[in-house]
Structures are given as structure tokens and as C-alpha cells.
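If you read the sequence shown in full-length UniProt numbering, its first letter stands for residue 17, the second for the next number, and so on.
Glycine residues also receive a C-beta, built at the ideal position from the N, C-alpha and C atoms.
Here the structure comes first, spelled out in C-alpha cells, and everything after it is commentary.
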Amino acid sequence: TTKAVILVGGPSRGTRFRPLSLDLPKPLFEVAGHSIIDHCFSAITKIPEIQEVFIIGYYDETVFRDFIKDAARDHPHITIKYLREYQALGTAGGLYHFRDAILKGRPDRFFVLNADVCCSFPLQSMLRLFEEKDAEAVILGTRVPDEAATNFGCIVSDAHSKRVLHYVEKPESRISNLINCGVYLFATETIFPSIRSAMKRRADRPRLVSYPSSDALDSYHVPRSGDEEEKTEVIRLEQDILSDLADNRQFFVLETKDFWRQIKTAGSAVPANALYLMKAWQSQSEELAKPSANILPPVFIHPTATVDPTAKLGPNVSIGPRVTIGAGVRIKEAIVLEDVEVRHDACILYSIIGWSSRIGAWARVEGTPTPVREHSTSVVKNGVKVQSITILGKECSVGDEVRVQNCVCLPFKDLRRDVANEVIM
Ligand code: GDD
Ligand code: GTP
């Protein structure tokens, strides 16, 4: 049998997702009508042999309760549980800590999904490759532009055999443009011993290895002063395990040609929303709004939202619960969250409008499009790096006729004058 683990991390990790993560843990943020974690989970539910799913992270116990309740109701044959780390244990440390739960029932293999990626999750194809190659591990890879590759784990593979020859997490210089998508399939027999030996190696020479942080703002793996915390089980798949697998194991890569994006910054929710909407559109999902003269697909409109028929929406727009959209409004490439009011003739482009915000008549809230191939959500304007996506935190208000351009605005702000290229605190 096969199981699946979704790695969600914890509260300190959501920093780049501010201001949206101030009000909601990132995995629960909705794009294209579903929470980020739900997009991962529904891919898992498409694999009939997976009957047990673990969400591993260090968020509070209560955070995923409703999600799990709904998931269990919709998929009665799947057991889904949240396993909470007492502190951040790293991507492999969490797996190891909960190995008894994962190993129960003796599954041969299990998937691991980073919750903060957006892709089509071709799990079935990964399983096929795993079987075909009699693999011990399969990683999902994708090609990105050369300049972007060093922000990710880089994979050197043999084009013919698909074997992973070499793996380096966020290398200093370019080694490959085939990168780690954050989706893996591991043989249980191999992965736990590999983690154990990495932990042993670490215990044998503590402090000698330095762990570059992927997130400048977090510091949880800095050794504490009192030394007993020293031997923490912080073990990362990427730095501690994958290069070993490449050296010694039956480790293969499935290269996806389908869409893939990371969801790190708040702005990256806009391309993720667009990609998931596109996917829903291609699969003729009933959830999307019917195209018309004023609805340019794909568009998601929550059933409880009220949209004036003269408003023009799309492409790539999600409208949340109880939103009201007035006459003559124009919205494209944007996410409008719950309880927002958009008054007549306002225009929202490349933006995220936070919960319960209010956009005045003839106001303009806009960001700048980023090329799809670029894995970044900032743009350079007049030599200065600014946010490409405009983001309003919850309960902001934009006055009538006010223009907000390339700004990030913290919650509860009242914008009465035009602003551009600013972080409004
Ligand atoms: N449970 C748990 N515990 N989850 C964690 C922990 C932890 O201590 N630390 C991180 N995570 C989760 C995050 O929530 C995320 O889903 C995933 O593990 C990876 O997060 P990071 O460790 O921040 O790595 P990254 O996102 O910078 O890079 C990883 O993903 C890229 C693809 O998006 C690496 O795997 C890269 O190689 C890869 O390219
Ligand atoms: P394409 O995007 O290339 O299809 O051009 P378009 O002219 O159709 O523009 P689109 O409708 O995609 O988005 C911009 C449109 O929004 C403009 O055509 C304007 O009519 C409209 N628009 C621009 N500013 C405002 C505004 O402040 N209020 C309202 N209500 N509409 C606006």
C-alpha cells in the first residue's frame, strides 16, 4: 500500500506570505476556490491505493481541524490526521519523528508533498516510474529559466535512464535547470534508514555542518545556548538526505512539463490562482463561472457573492464568499477575498484584496504582470525592486477615485490618496 504526507511547516514560516498570513495560516489560503492544502489533498485522493494521509507541521492542533473534518466527510475511505511537531524538526525530521504512524500497516512507499507548491501533482506518473525502475525514491522535477534555478534544489540526471546523478540544494552557482518541485515518492525501507544515518552523522560531528536558511527570517535551527537542545532532530530532506540518495540509491526523477510554481510570497498566490483556474477550466469544472460577454474565463465566483451583470471579470479571477461587486467594475488577474465590497466602476488588476476590504467607486488597485516563466513576484521599476502584485491586508479601504499601484498594505489601512511602490504599514 501507499500513504501520503503533506508537509505544512508552521507559523514562523509564513513570514513572506504577509500580510495575508497575519490572518490565516498559509496552507488554508484559498486560490481558485480551494485552500492551497486542498489542492494537494485532492491530487492525493485521485490515487485509489492511498488510504491514509498525514499532515505534518508545527501549527496549533486546531488549525487544520475543519479542513480535516470536511476532507474526511468528502472522502470516507481515507483516514486523514494532523501530526504536530513540538518544534520545527525539518522536512525529514518530521517524517522520522512520526515514523511509527507512517510505518503502521507496513506501506511499501509513501508520497511527500510540500504544501507550498502549486502544480498538477502527477502522482500516478510518479508511481509508474517508481515501479518501472524498481526505484527507492522518485522526485518530481521541472525546468525553470537558468537564472531562477539556484533558488531551488537542483537535479542533475541522466536523460535516458532518468536516474538522479547529483542533487544540490540551492547551489551557489548554476549546475542544472532541472529543479526539485517538492514532491517525492519514497520506499519506506530506504528512507528511514537514510534519515537515521544522516542523524548519526550529525551527532558524530555536531556544529560542523552549517545549514543555510531558506528563509532569512527564521532562526529556529540556530543552536540554542543551553546545550541540551543541541541534538535537535532538525534534519532536512534537501540538505541531508537527497544528495546521499543520488550517490547510493535507485533514485529517479520524473520531469513534469505541466505547470509548477512555488507559493512563498503573498503575491505568488496570484499566479497560483491563475494556474489552478486554468486547470479547472481545462477539466471543464462545474465550479467555474459560465463564460459570457462580461465573464472572460477562467473565473471563480463563490455562490454567495453578488456580481453586478455589467461588471467585467477575468481572466484568472477568484471572487470569495459574500463579496459584492458593483456596476461597471473591471477585475482581472486578481483574488478578492471574503466579504469585500467593490463599488461601481472600480478597477482591480494583478492584485489581492484582503478580507472585508472596501474599494471605492472609480478606484484603481493594480499590480504589474510578471512573465509566467519568471519565478518571482517582484519587478524593477525605475531601478527599484517593487512588488509586482498589489496586496491589501484585511479590512483595508481605498477611497473613491484613489489609485493604488504596486503596493503591499497591512491590515486596517485607510487609503485616501494615490500611492505607488510602497509598503504601507
Ligand atoms: N512539518 C514540517 N516541519 N514541515 C516543514 C518544516 C518542518 O520543520 N520545514 C519546512 N517544512 C515544509 C514547508 O512548509 C514546505 O511545505 C516544505 O516543507 C519545504 O519548505 P522549506 O524547507 O522552506 O524549503 P523551500 O520551500 O525553500 O525549498 C524546498 O522546496 C522547493 C520547491 O518548492 C526544497 O525542497 C527545494 O529543493 C525545492 O526546489
Ligand atoms: P485587453 O486587456 O487587452 O483585452 O484590453 P481591454 O481594453 O479589454 O482592457 P481590459 O478590459 O482587459 O482591462 C482594462 C479595462 O478596464 C479597460 O479597457 C477599461 O475599460 C477598464 N478600466 C480601466 N480603468 C478602469 C476604471 O478605473 N474603472 C473601471 N470600471 N474600468 C476601468
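Residue i beta carbon near the ligand GDD (any heavy atom closer than 7 Å)
{"i": "T107", "result": "yes"}
{"i": "N196", "result": "yes"}
{"i": "Y74", "result": "yes"}
{"i": "G344", "result": "no"}
{"i": "V133", "result": "yes"}
{"i": "E65", "result": "no"}
{"i": "V24", "result": "yes"}
{"i": "F168", "result": "yes"}
{"i": "A153", "result": "no"}
{"i": "T130", "result": "Here residue 130 turns out to be Asn, not Thr, going by the sequence shown. True, at least one ligand heavy atom lies under 7 Å from that Cβ."}
{"i": "E147", "result": "no"}
{"i": "E302", "result": "no"}
{"i": "A104", "result": "yes"}
{"i": "E254", "result": "yes"}
{"i": "Q278", "result": "yes"}
{"i": "E101", "result": "yes"}
{"i": "E163", "result": "no"}
{"i": "E185", "result": "yes"}
{"i": "G383", "result": "no"}
{"i": "G283", "result": "no"}
{"i": "G370", "result": "no"}
{"i": "G110", "result": "yes"}
Span of the alpha helix (DSSP H), counted from its first residue to its last, around residue i
{"i": "R144", "result": "139-148"}
{"i": "V286", "result": "285-298"}
{"i": "N422", "result": "Looking at the DSSP string, N422 is not in any alpha helix (DSSP H), and its letter there is neither H nor E."}
{"i": "R212", "result": "204-220"}
{"i": "E163", "result": "162-165"}
{"i": "S189", "result": "Where S189 is concerned, there is no enclosing alpha helix (DSSP H), given that its DSSP letter is neither H nor E."}
{"i": "S259", "result": "258-264"}
Sub-8 Å separation of residue i and residue j beta-carbons
{"i": "I351", "j": "V420", "result": "no"}
{"i": "Y183", "j": "L129", "result": "no"}
{"i": "S404", "j": "S394", "result": "yes"}
{"i": "A290", "j": "E357", "result": "no"}
{"i": "I195", "j": "V160", "result": "yes"}
{"i": "C135", "j": "W297", "result": "no"}
{"i": "F33", "j": "A282", "result": "yes"}
{"i": "F268", "j": "R179", "result": "yes"}
{"i": "L23", "j": "T107", "result": "yes"}
{"i": "Y74", "j": "R100", "result": "yes"}
{"i": "G409", "j": "G376", "result": "no"}
{"i": "I335", "j": "A321", "result": "yes"}
{"i": "L119", "j": "M142", "result": "no"}
{"i": "A87", "j": "F137", "result": "no"}
{"i": "V133", "j": "F70", "result": "no"}
{"i": "L329", "j": "P314", "result": "no"}
{"i": "P64", "j": "I53", "result": "no"}
{"i": "A153", "j": "T206", "result": "yes"}
{"i": "V402", "j": "N437", "result": "yes"}
{"i": "D256", "j": "A214", "result": "yes"}
{"i": "Q67", "j": "A151", "result": "no"}
{"i": "D324", "j": "A309", "result": "no"}
Residue i, enclosing beta strand (DSSP E) - first and last residue
{"i": "S173", "result": "169-173"}
{"i": "C134", "result": "133-135"}
{"i": "S58", "result": "Looking at the DSSP string, S58 is not in any beta strand (DSSP E); the run it does join, the alpha helix (DSSP H), is 52-61."}
{"i": "G25", "result": "18-25"}
{"i": "L181", "result": "180-185"}
{"i": "G157", "result": "153-159"}
{"i": "F70", "result": "66-73"}
{"i": "L40", "result": "That residue, L40, is in no beta strand (DSSP E); it is neither H nor E in DSSP."}
{"i": "K401", "result": "400-403"}
{"i": "E271", "result": "267-271"}
{"i": "Q278", "result": "276-278"}
{"i": "T406", "result": "406-408"}
{"i": "S177", "result": "Careful: S177 lies outside any beta strand (DSSP E) and carries neither H nor E."}
{"i": "K429", "result": "Careful: K429 lies outside any beta strand (DSSP E) and carries neither H nor E."}
{"i": "V395", "result": "394-397"}
Cutoff 8 Å: residue i Cβ touching any chain B Cβ
{"i": "K62", "result": "No chain B appears in this structure, which consists of one protein chain only."}
Task: Continuous beta strand (DSSP E) assignments of at least 3 residues falling wholly in the stretch 309-389 - done: 315-317, 333-335, 346-352, 363-369, 380-382
Task: Sequence ranges, beta strand (DSSP E) only - wholly within the stretch 83-124, length at least 3 - done: 95-100
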